[in-house]
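Trainee: Heads up, the final residue of the sequence shown is numbered 491 in this note's numbering, and it's a clean run with no missing numbers.
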Amino acid sequence: MLTVHGSKHRLCDGITRRDFLSAGILGGALGLPDLLRLQAAAAERRATGHPSGNGIPAKAVIMVCLNGGPSHIDMYDMKPAAPAEIRGEFQPVQTNVPGCEISELMPLQARIADRFSIVRSAQWPVDDGHRLHLVFSGFRESEGRPPFGSIVSRVRGDSLRSSNGPGRAENPLPPYVSMAQFPPHPILKGHEEPTYIGTPHRPFVPWQAGPITGGQISYTGPGAGDVKNLNLVDGITPGRLRNRRELLGAFDTLRREIDASGEMAGKDAFTARALEMMSSDQVRDAFDLSREPAEIHARYGGDVLTPNDPDRRRCWEGSKFLMARRLVEAGVPVVTLSAGVWDTHSDHFMYQQDYVPRLDQSLHALITDLHERGLDQQVCVMVCGEMGRTPRVNKTGGRDHWPSAGFALFSGGGLNMGQVIGATDAQGTRPATRPYGPQNILATLYHVLGIDPSQTFIDHSGRPRYILDDRERIAGLV
């Protein structure tokens with residue numbers, strides 16, 4: 014069972030001892046109040062909505078990042094008529110959508126192809142060296158643009174209080190949760206920094222991959238149990254947390270009289286809000302995978318953690334997919350997750366046999382679960398990497414970086430399902446139809462949430478910036 018006390022680990026912008034002293038609370042260090050206070054100060058209440066297929070506004074997006082660059086030719090864009098050095102070792106199988114074939118390594122998805130659409134003419138403007146900024150913001154790292162989740166947090170209003178829906182109780186969960194963070198790495202960093210949108214709109218990171226020690230990454234993902242960044246410092250129990258809430262209330266009137274400016278009153282409100290999140294049954298329940306029956310865990314595939322595997326090439330975290338479903342079901346608007354390491358410059362087909370069936374199981378479980386719970390029109394799942402891989406197999410049995418062609422998969426959210434959009438040439442080298450880049454993918458996701466990507470925000474230099482420069486959505490999906 015999930016617990017919320019006993020850890021020293023804090024990741025979100027924590028409040029300092031001086032902050033607690035000024036608020037009259039000693040020792041109850043939380044990782045949320047400053048963030049919450051900033052969120053309310055920066056939030057703009059812009060009521061937006063967009064009807065999905067059943068007339069209900071789509072409320073959430075799950076972004077699945079296959080970092081490293083998955084092979085389009087070995088997954089969703091098979092080329093069985095191409096030469097052996099291009100088509101590879103696997104055969105296509107027919108899905109339940111006439112004319113749509115995918116890899117034989119994905120038999121589960123083949124049964125539910127009517128519940129997703131494949132974009133085969135995806136293309137990235139550049140090989141950005143595995144930097145994931147193109148996936149999350151649509152721009153290169155050097156351009157310093159904020160990610161999708163931070164924009165949603167900002168545009169959709171008071172990001173402290175994401176809504177469960179019209180007329181329903183406010184939701185204490187954060188508006189943007191990331192499970193797409195990596196161990197300390199010179200490249201895989203900064204892709205979800207809010208930049209000029211502001212610190213309040215940084216994602217809440219419930220788990221963080223630890224450093225590589227002795228050839229193995231310390232694992233602190235969903236399958237490890239506690240939500241580290243919701244924990245209190247050692248010695249602060251839920252009972253003491255309640256006492257501190259009572260103490261805050263007792264000092265409230267006195268502080269308001271002393272602090273004529275109202276600043277202290279604001280601290281009271283957001284410290285209380287942090288206490289609410291820390292003690293909320295809804296928050297604890299949403300992050301508590303132990304509430305799922307064993308058969309559901311098995312359905313998603315669970316976690317595979319291989320010792321002495323510093324690159325995590327043999328690791329898989331099916332629990333991330335299950336956690337994403339729990340979070341959007343509870344009311345979190347944006348959840349991001351990374352799945353696997355797809356950078357296969359050698360031994361490509363061995364890794365494909367390992368990874369692709371695991372993705373097949375976890376993604377099939379997520380899509381099917383959302384449908385069974387009646388959430389498919391309200392939740393959009395999008396899957397892509399930061400590039401594709403070379404059509405031609407190299408001398409070490411691998412496929413190298415290839416931004417000229419790739420795929421993106423969409424499921425739900427009121428979009429048109431059961432189709433293949435676009436095509437590559439006979440050898441999968443580049444799109445033969447209208448190419449769609451990362452900004453088109455994100456424009457489609459903004460559409461799902463009813464957000465206009467022509468809105469502007471002021472960057473650090475004082476210049477207005479559009480959310481996206483290329484705001485064309487993917488034709489056929491909308």
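Just so it is clear, CB atoms sit at the ideal spot from N, CA and C, and this is done for glycine as well. All values derive from a computational prediction rather than experimental measurement.
Under a three-way DSSP split, which group does Ile309 fall into?
Mentor: By one-based count along the sequence shown, residue 309 stands at place 296. Of the three classes helix, strand and coil, the one that applies to Ile309 here is helix, per DSSP.
Trainee: What residues in its chain sit with their C-beta under 8 Å from that of Val406, if we drop five residues either side in the sequence?
Mentor: Taking the first residue of the sequence shown as 1, we reach residue 406 at position 393. Cβ within range, chain order: Glu98, Ile99, Gly101, His361 and Arg412.
Trainee: Run through DSSP, which three-state label would Phe283 get?
Mentor: Here residue 283 is taken as the residue at index 270 of the sequence shown, counted from 1. In this prediction, Phe283 scores a pLDDT of 46, lower than 50, which makes its location untrustworthy; the coordinate-derived value is nonetheless stated afterwards. If DSSP states are grouped into helix, strand and coil, Phe283 belongs with the helices.
Trainee: Which residue comes first and which comes last in the alpha helix (DSSP H) that contains Ile99?
Mentor: In the sequence shown, the residue the question calls residue 99 occupies position 86. Its alpha helix (DSSP H) spans residues Ala97 to Arg100.
Trainee: Pick out the complete alpha helix (DSSP H) segments inside the stretch 115-181, 4 residues or longer, and give them in chain order.
Mentor: 120-123, 146-149 and 161-168
Trainee: Looking at the structure shown, is Arg486 part of a helix, part of a strand, or coil, going by DSSP?
Mentor: In the sequence shown, counting from the first residue as 1, residue 486 sits at position 473. In the structure shown, Arg486 sits in coil (DSSP, three-state: anything other than H, G, I, E or B).
Trainee: So what's Asp367 in DSSP terms, helix, strand or just coil?
Mentor: For the purposes of this step, residue 367 is taken as the residue at position 354 of the sequence shown. Correct three-state label for Asp367: helix.
Trainee: For the beta strand (DSSP E) containing Pro477, list its first residue and its last residue.
Mentor: Locating residue 477 in the sequence shown gives position 464, counting from the first residue. Pro477 -> beta strand (DSSP E) spans Pro477 to Tyr479.
Trainee: List the endpoints of the continuous alpha helix (DSSP H) containing Ala337.
Mentor: For this step, residue 337 is matched to residue 324 along the sequence shown. Run containing Ala337: Gly331 to Ala343, per the alpha helix (DSSP H) assignment.
Trainee: With a CB to CB cut of under 7 Å and the five nearest residues on each side skipped, what residues in its chain are close to Gln104?
Mentor: Start at 1 with the first residue of the sequence shown, and residue 104 comes out as number 91. Counting only Cβ-Cβ distances below 7 Å, and skipping sequence neighbours, we find Pro93 and Glu117.
Trainee: By a C-beta neighbour count over all protein chains shown, 10 Å radius and 16 as the cutoff for buried, is Glu308 buried or exposed?
Mentor: To locate residue 308, count along the sequence shown from 1; it is residue 295. Exposed is the call here.
Trainee: Measure the alpha-carbon distance for Met336 versus Gly344 and round it to whole angstroms.
Mentor: Position 323 of the sequence shown, counted from the start, is the residue given in the question as residue 336. Position 331 of the sequence shown, counted from the start, is the residue given in the question as residue 344. Cα to Cα, the separation comes out at about 12 Å.
Trainee: Less than 7 Å between the C-beta atoms of His473 and Tyr209, yes or no?
Mentor: Counting from 1 along the sequence shown, the entry for residue 473 is found at position 460. Counting from 1 along the sequence shown, the entry for residue 209 is found at position 196. Taking 7 Å as the Cβ cut-off, His473 and Tyr209 qualify as a contacting pair.
Trainee: In the DSSP output, which residue or residues are listed as bridge partners for Gln107?
Mentor: Numbered from 1 along the sequence shown, position 94 holds the residue referred to as residue 107. Answer is Glu114, bridged to Gln107.
Trainee: Under 7 Å between the Cβ atoms of Leu186 and Val296?
Mentor: Residue mapping note: residue 186 aligns to position 173 of the sequence shown, counting from 1. Residue mapping note: residue 296 aligns to position 283 of the sequence shown, counting from 1. Yes, Cβ-Cβ distance for Leu186 and Val296 is below 7 Å.
Trainee: What first and last residue would you give for the beta strand (DSSP E) that runs through Tyr459?
Mentor: Counted from its first residue, the sequence shown places residue 459 at position 446. Per DSSP, Tyr459 belongs to no beta strand (DSSP E); it is in the alpha helix (DSSP H), Pro451 to Val461.
Trainee: Would a C-beta distance cut-off of 7 Å place Val168 and Val347 closer than the cut-off?
Mentor: As a first step, residue 168 must be located in the sequence shown, where it is residue number 155. As a first step, residue 347 must be located in the sequence shown, where it is residue number 334. No; because the gap between Cβ atoms is not below 7 Å, this pair is not in contact.
Trainee: Is Gln52 helix, strand or coil by DSSP?
Mentor: By 1-based counting over the sequence shown, the position of residue 52 is 39. Caution is warranted here: a pLDDT of 49 is assigned to Gln52, below 50, making its placement in the model unreliable, and the coordinate value is therefore given only provisionally. If DSSP states are grouped into helix, strand and coil, Gln52 belongs with the helices.
Trainee: Looking only at its own chain, which residues have a Cβ that is under 8 Å from the Cβ of Asn429, when we skip the five neighbours before and after it?
Mentor: What you label residue 429 is simply residue 416 of the sequence shown in a count that begins at 1. If we look at Asn429 and ignore the five residues flanking it on each side, its Cβ neighbours are Ser130, Gly489, Leu490 and Val491.
Trainee: What does a CB cutoff of less than 8 Å around Gly112 pick up in its chain, not counting 5 residues either side in sequence?
Mentor: Counting from 1 along the sequence shown, the entry for residue 112 is found at position 99. The residues are Val433.
Trainee: Taking the alpha-carbon positions, what's the Asn109 to Gly450 distance?
Mentor: Position 96 of the sequence shown, counting from 1, holds the residue named residue 109. Position 437 of the sequence shown, counting from 1, holds the residue named residue 450. For Asn109 and Gly450, the distance between alpha carbons rounds to 27 Å.
Trainee: Please confirm whether Ser84 and Arg402 have their CB atoms less than 7 Å apart.
Mentor: The residue given as residue 84 occupies position 71 in the sequence shown. The residue given as residue 402 occupies position 389 in the sequence shown. Yes; because the gap between Cβ atoms is below 7 Å, this pair is in contact.
Trainee: For Gly398 versus Trp329, is the C-beta distance shorter than 7 Å?
Mentor: Taking the sequence shown and counting its residues from 1, the one referred to as residue 398 is at position 385. Taking the sequence shown and counting its residues from 1, the one referred to as residue 329 is at position 316. The answer is no: Cβ separation not under 7 Å.
Trainee: So if DSSP puts Leu350 in a beta bridge, which residue, or which two residues, is it bridged to?
Mentor: The sequence position of residue 350 within the sequence shown is 337, counting from 1. In DSSP, Leu350 forms a bridge with Val77 and Met192.
Trainee: Using the rule of at least 16 other Cβ atoms within 10 Å of the residue's Cβ for burial, across every protein chain shown, is Thr437 buried or exposed?
Mentor: Sequence index remark: in the sequence shown, residue 437 carries index 424 (1-based). Thr437 is buried by the Cβ-count criterion.
Trainee: Straight-line CA distance for Asp316 to Ser332?
Mentor: Residue numbering aside, residue 316 sits at position 303 when the sequence shown is read from its first letter. Residue numbering aside, residue 332 sits at position 319 when the sequence shown is read from its first letter. Taking the straight line from one Cα to the other gives about 6 Å.
Trainee: Relative to the C-alpha of Leu481, which residue among Ser150, Asn80 and Met88 is closest?
Mentor: Translated into the one-based positions of the sequence shown, residue 481 becomes position 468. If we check each option's Cα against that of Leu481, Ser150 comes out closest.
Trainee: So, do the stretch 76-90 and the stretch 363-373 have three or more beta carbon pairs nearer to each other than 8 Å?
Mentor: yes
Trainee: So, are the CB atoms of Gly441 and Ala418 less than 7 Å apart?
Mentor: For the purposes of this step, residue 441 is identified with residue 428 of the sequence shown, where counting begins at 1. For the purposes of this step, residue 418 is identified with residue 405 of the sequence shown, where counting begins at 1. For Gly441 and Ala418, yes; Cβs fall inside 7 Å.
Trainee: For Glu205 versus Pro216, is the C-beta distance shorter than 7 Å?
Mentor: Taking the first residue of the sequence shown as 1, we reach residue 205 at position 192. Taking the first residue of the sequence shown as 1, we reach residue 216 at position 203. Yes.
Trainee: Under three-state DSSP, which class holds Gln432?
Mentor: Counting from one through the sequence shown, the residue named residue 432 turns up at place 419. When DSSP states are grouped into helix, strand and coil, Gln432 belongs to the strand group.
Trainee: Is Thr469 closer than 7 Å to Arg476 when the C-beta atoms are compared?
Mentor: The sequence position of residue 476 within the sequence shown is 463, counting from 1. The sequence position of residue 469 within the sequence shown is 456, counting from 1. In this structure, Arg476 sits away from Thr469, with a CB-CB distance that is not shorter than 7 Å.
Trainee: What span of residues does the alpha helix (DSSP H) with Val296 cover, start to end?
Mentor: On the sequence shown, residue 296 is found 283 positions in, with the first residue counted as 1. Element bounds for Val296: Asp294 to Ala299.
Trainee: Does DSSP classify Thr437 as helix, strand or coil?
Mentor: Within the sequence shown, the letter at position 424 stands for residue 437. DSSP places Thr437 in strand when its eight states are reduced to three.
Trainee: Per DSSP, what kind of secondary structure is Ile471 in: helix, strand or coil?
Mentor: As a first step, residue 471 must be located in the sequence shown, where it is residue number 458. Ile471: strand per DSSP, three-state reduction.
Trainee: Please identify the residue among Val394, Val139, Pro444 and Pro404 whose C-alpha is closest to the C-alpha of Tyr459.
Mentor: Walking along the sequence shown from the start, residue 459 turns up at place 446. It is Val394 whose Cα lies nearest to the Cα of Tyr459.
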